[in-house]
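To start, the structure under review is shown below, and the notes come after it.
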Amino acid sequence: MNIAWRKVWRELFDNKVRTMLVVLSIAVGVFALGLVFNLRDTLQTWMLDDYRLSNASHLLIRMIPFEQYVVKLFQREFENTEIESQVSLSIQWRMENETIWRDASLVAKPNYAAQRVDRIELQSGELPTGRALAVERCTAEKYGIILGTNLVVRVGDTERTLPVTGIVRRYNTVPPDFGGSLWFYTTPETITSLTGQEGLNQIAIRLPSPSNQNVTRVIEWFFERMRQSNMMLGIWTATPAHFAQNAVDSVLAILTVMGTLALALSAFLITNTMSAIIAQQVWQIGVMKAIGATFNRIVQIYLLTALIYGGLALVLAIPLAAIVAYSIASSVATLGNIPIGEFRATPFAIGLQVIVGLLVPILAALIPAINGARITPCQAMVSHGLNGGYAPSILDRLFSTLRFLSRPMMLSLRNTFRRKARVALTLLTLILSGVMFIAVVSTSASLDNTIALQVQEYGYDVMVWLERPLRAIQSIAATENVVGVAGVEVWSDEGGMMTTQDGIEFYARLFGLPPDSTMFKPRIVQGRWLKLDDEFAIVINRKAALDRNIQVGDKLTWKFDPKKRPWTVVGILVDPSDYGTNCFVPINALATMNGFVGRGRMIAVQGTQHDVASQKILVERLRDALETANLKAVTIDAANEKGGQIRSQFDIVVAMLLTMTMLAGIVGSIGLMGMLSINVVERTREIGVMRAIGATPFAVIRLFIGEGIVVGVLSWLIAVPLSYPIAWILGDTVGNLLLQTPLDFVYSRGGAIEWLLIVIGLSTLASLLPALRASQWSVRETLAYE
Numbered sequence: 001m002n003i004a005w006r007k008v009w010r011e012l013f014d015n016k017v018r019t020m021l022v023v024l025s026i027a028v029g030v031f032a033l034g035l036v037f038n039l040r041d042t043l044q045t046w047m048l049d050d051y052r053l054s055n056a057s058h059l060l061i062r063m064i065p066f067e068q069y070v071v072k073l074f075q076r077e078f079e080n081t082e083i084e085s086q087v088s089l090s091i092q093w094r095m096e097n098e099t100i101w102r103d104a105s106l107v108a109k110p111n112y113a114a115q116r117v118d119r120i121e122l123q124s125g126e127l128p129t130g131r132a133l134a135v136e137r138c139t140a141e142k143y144g145i146i147l148g149t150n151l152v153v154r155v156g157d158t159e160r161t162l163p164v165t166g167i168v169r170r171y172n173t174v175p176p177d178f179g180g181s182l183w184f185y186t187t188p189e190t191i192t193s194l195t196g197q198e199g200l201n202q203i204a205i206r207l208p209s210p211s212n213q214n215v216t217r218v219i220e221w222f223f224e225r226m227r228q229s230n231m232m233l234g235i236w237t238a239t240p241a242h243f244a245q246n247a248v249d250s251v252l253a254i255l256t257v258m259g260t261l262a263l264a265l266s267a268f269l270i271t272n273t274m275s276a277i278i279a280q281q282v283w284q285i286g287v288m289k290a291i292g293a294t295f296n297r298i299v300q301i302y303l304l305t306a307l308i309y310g311g312l313a314l315v316l317a318i319p320l321a322a323i324v325a326y327s328i329a330s331s332v333a334t335l336g337n338i339p340i341g342e343f344r345a346t347p348f349a350i351g352l353q354v355i356v357g358l359l360v361p362i363l364a365a366l367i368p369a370i371n372g373a374r375i376t377p378c379q380a381m382v383s384h385g386l387n388g389g390y391a392p393s394i395l396d397r398l399f400s401t402l403r404f405l406s407r408p409m410m411l412s413l414r415n416t417f418r419r420k421a422r423v424a425l426t427l428l429t430l431i432l433s434g435v436m437f438i439a440v441v442s443t444s445a446s447l448d449n450t451i452a453l454q455v456q457e458y459g460y461d462v463m464v465w466l467e468r469p470l471r472a473i474q475s476i477a478a479t480e481n482v483v484g485v486a487g488v489e490v491w492s493d494e495g496g497m498m499t500t501q502d503g504i505e506f507y508a509r510l511f512g513l514p515p516d517s518t519m520f521k522p523r524i525v526q527g528r529w530l531k532l533d534d535e536f537a538i539v540i541n542r543k544a545a546l547d548r549n550i551q552v553g554d555k556l557t558w559k560f561d562p563k564k565r566p567w568t569v570v571g572i573l574v575d576p577s578d579y580g581t582n583c584f585v586p587i588n589a590l591a592t593m594n595g596f597v598g599r600g601r602m603i604a605v606q607g608t609q610h611d612v613a614s615q616k617i618l619v620e621r622l623r624d625a626l627e628t629a630n631l632k633a634v635t636i637d638a639a640n641e642k643g644g645q646i647r648s649q650f651d652i653v654v655a656m657l658l659t660m661t662m663l664a665g666i667v668g669s670i671g672l673m674g675m676l677s678i679n680v681v682e683r684t685r686e687i688g689v690m691r692a693i694g695a696t697p698f699a700v701i702r703l704f705i706g707e708g709i710v711v712g713v714l715s716w717l718i719a720v721p722l723s724y725p726i727a728w729i730l731g732d733t734v735g736n737l738l739l740q741t742p743l744d745f746v747y748s749r750g751g752a753i754e755w756l757l758i759v760i761g762l763s764t765l766a767s768l769l770p771a772l773r774a775s776q777w778s779v780r781e782t783l784a785y786e
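Next comes the structure, spelled out in structure tokens:
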């Protein structure tokens, strides 16, 4: 082994604490990047598998009960299209020993052994036969339903007690905790016993290619064949991708940026450490140059040291990133009802970690190594680091004027800024960590504020969805006299294809409202809301407008309107509760087009009280009133409950962002620990002098912990003002990615205070090891130090 290698290995093993700190700091940054890309590849693979296994439908057609000839008629027209008919209805259910009724969806497939579309997978027990139930996995876990449990199912006035004989997984479906439905499966025989009706009422269709052209062709066929006979009740289209794809992609894009920042913090720490090492070894560099070492040779020695740091960091980071990514992906998959696949570290993530883990330390150490190698032998051998040429700075003179500070505190302040470049880099890591933390907490607060404002915009407390459009006078009569009801409005809806004036087709769901409605007060970002004298006017969702370049004043055409009457865009609104399909029109204009004059399928109910408890009570009273009036409701939703469901979808987002922020905080803490450890080594003789004139070990500990806290608090003072614009930008980014609109910004003062407490805690812990090390040295050891 040549001299250079011996020096490198001696540096690594003689300074084990410093080596450990540098390796950990690099490992955290590389780990963060590996975590993000392992997580991305793992989740995308699992979601693709989940979507593929589901054989998800692209269209759902809801009809009045029909016979199989309708399916055969469709299959003759569309030979390569997969189609499956089933029965689907809304039910209420409860445990046999409970009194609380809950809403759910009940599906009956004629043949579970030959499923083609929207498949379910048996997890335990058996698929439904006879009069029995299978419960979707997420529903079973949420309510503790096990095999053999008896459930009471109610449709109207009919109740049946049915045993649970199977637990199933419904692929590619939103879990109940994120606002999804509760799903039960049974047989057509059971449905007939509950409703007294035979026949199927839903067709699920999967197209060979779900293009707009193919979707439009299928919808046109159904409109032409079924609409005139009033058999068709509604059409729903699904995005040809996993339901969580957009949210996961958006979060991972943000995490990639934060992981890169964590890596940048590691690079700052490497630069800081290498500068300190070279500053300590100036005399050694002089000796090496005096005996013939060249500029290139000295640079190589320190770059080789940095390379080994990176290699050791990779040994820690690569397996740990893969394991933690798999653990997080498994948790996300469990929450999202996604099947968990096998453990694997993705090749792309490993390759990226290797490149970054070896290259970044070399680049970070390059400038300090070059600067150190430029020193002449004479300059190097007369240099004595901190002890040479020290003169009071402006900060020293400023601190000396602060007479109210104790001498230990003043000494901590002055010592902190002795090596200004080193302190600056350490501060930078802690400042960035603080900015990231406060920005993420503010984003969480902004999400809460946005959803709260959205709930206020609804204006109604409860929304009732009827099975089919009914006369408005009938719906109002059944609900307006219910105790706790302040007002009632009947709305209508229609789903189908719209065509822009540029010929672009897109699916839209039109909601017909009274123009003077008090139940909906949307935020208009462009144009205006509907007026009483509007005829064929439409207010569209901001996402639909952005995706298709639709402007106020443009003309849209309803694909299935025989008269092709143009709808004029008068306004653009923000509605984060849907996927950009909701549009709003005058109820009379919609009735003119679809023929349901004086009818509606939605009842918006405003209560006298608007809190969560009052809304729940009102839901039950309305359900009883509708049953008494023999009106069948598909769902009855409380507005506050809907807001909670929307918010729950983003809990995992905030948790993952905070995880990355804490990784950045760990890097900052390691940097602070490294800075103080180097300070301890540089001030060994100074510590000896202090001990010789009576300083106790506790006084030395307090001195270094004070320095750490000073750096932490100073970083907080700088991070707070910087975090405001960053929090605003992050809120806009998260909002645009997840909700297609900027968040209603709220700066979290509580988050700023939390970070102050965290950074003081981290600074104290980071200072403890160097402080204890300094306090344990004897006076003789410190004064004899070279």
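Position one of the sequence shown corresponds to residue 1 (this note's numbering), numbered consecutively onward.
Where is the CB? At the ideal position from N, CA and C, for every residue including glycine.
Spatial distance of residue i from residue j (CA atoms)
{"i": "T581", "j": "E489", "result": "22 Å"}
{"i": "L162", "j": "L657", "result": "44 Å"}
{"i": "G484", "j": "P725", "result": "45 Å"}
{"i": "L366", "j": "L269", "result": "13 Å"}
{"i": "Y507", "j": "T499", "result": "9 Å"}
{"i": "T271", "j": "T426", "result": "10 Å"}
{"i": "W5", "j": "I285", "result": "15 Å"}
{"i": "Q281", "j": "A293", "result": "14 Å"}
{"i": "L447", "j": "E98", "result": "35 Å"}
{"i": "H610", "j": "V354", "result": "56 Å"}
{"i": "G788", "j": "V746", "result": "Within the shown structure, residues of the chain are numbered from 1 to 786, placing residue 788 beyond reach of any answer."}
{"i": "E342", "j": "M47", "result": "13 Å"}
{"i": "T376", "j": "L432", "result": "37 Å"}
{"i": "M690", "j": "V17", "result": "24 Å"}
{"i": "N15", "j": "V455", "result": "59 Å"}
{"i": "I318", "j": "L352", "result": "10 Å"}
{"i": "I277", "j": "T260", "result": "26 Å"}
{"i": "V713", "j": "L304", "result": "36 Å"}
Beta-carbon gap between residue i and residue j smaller than 9 Å
{"i": "E505", "j": "K559", "result": "yes"}
{"i": "I587", "j": "T568", "result": "no"}
{"i": "D249", "j": "Y171", "result": "no"}
{"i": "D461", "j": "G607", "result": "yes"}
{"i": "G166", "j": "Y143", "result": "no"}
Environment of residue i [buried if 16+ CB atoms lie within 10 Å]
{"i": "Q75", "result": "exposed"}
{"i": "I704", "result": "Residue identity check: residue 704 is Phe in the sequence provided, not Ile. Burial call: buried."}
{"i": "C138", "result": "buried"}
{"i": "K563", "result": "exposed"}
{"i": "A114", "result": "exposed"}
Coil, strand or helix - residue i by DSSP
{"i": "E707", "result": "helix"}
{"i": "A638", "result": "strand"}
{"i": "A306", "result": "helix"}
{"i": "Y185", "result": "strand"}
{"i": "P469", "result": "strand"}
{"i": "R528", "result": "coil"}
{"i": "E84", "result": "strand"}
{"i": "W5", "result": "helix"}
{"i": "I572", "result": "strand"}
{"i": "L255", "result": "helix"}
{"i": "I718", "result": "helix"}
{"i": "G34", "result": "helix"}
{"i": "M519", "result": "coil"}
{"i": "I328", "result": "helix"}
One or two residues paired with residue i in a DSSP bridge
{"i": "L133", "result": "V164"}
{"i": "C583", "result": "L510"}
{"i": "A104", "result": "I91"}
{"i": "P798", "result": "What the structure shows of the chain is the stretch from 1 to 786, and residue 798 is not part of that stretch, so it cannot be assessed."}
{"i": "I203", "result": "I61, S85"}
{"i": "Q606", "result": "G487"}
{"i": "R169", "result": "E121"}
Residue-chain proximity (residue i, chain C), Cβ-Cβ < 9 Å
{"i": "R702", "result": "Judged by its chain identifiers, the structure shown contains no chain C, having just a single protein chain."}
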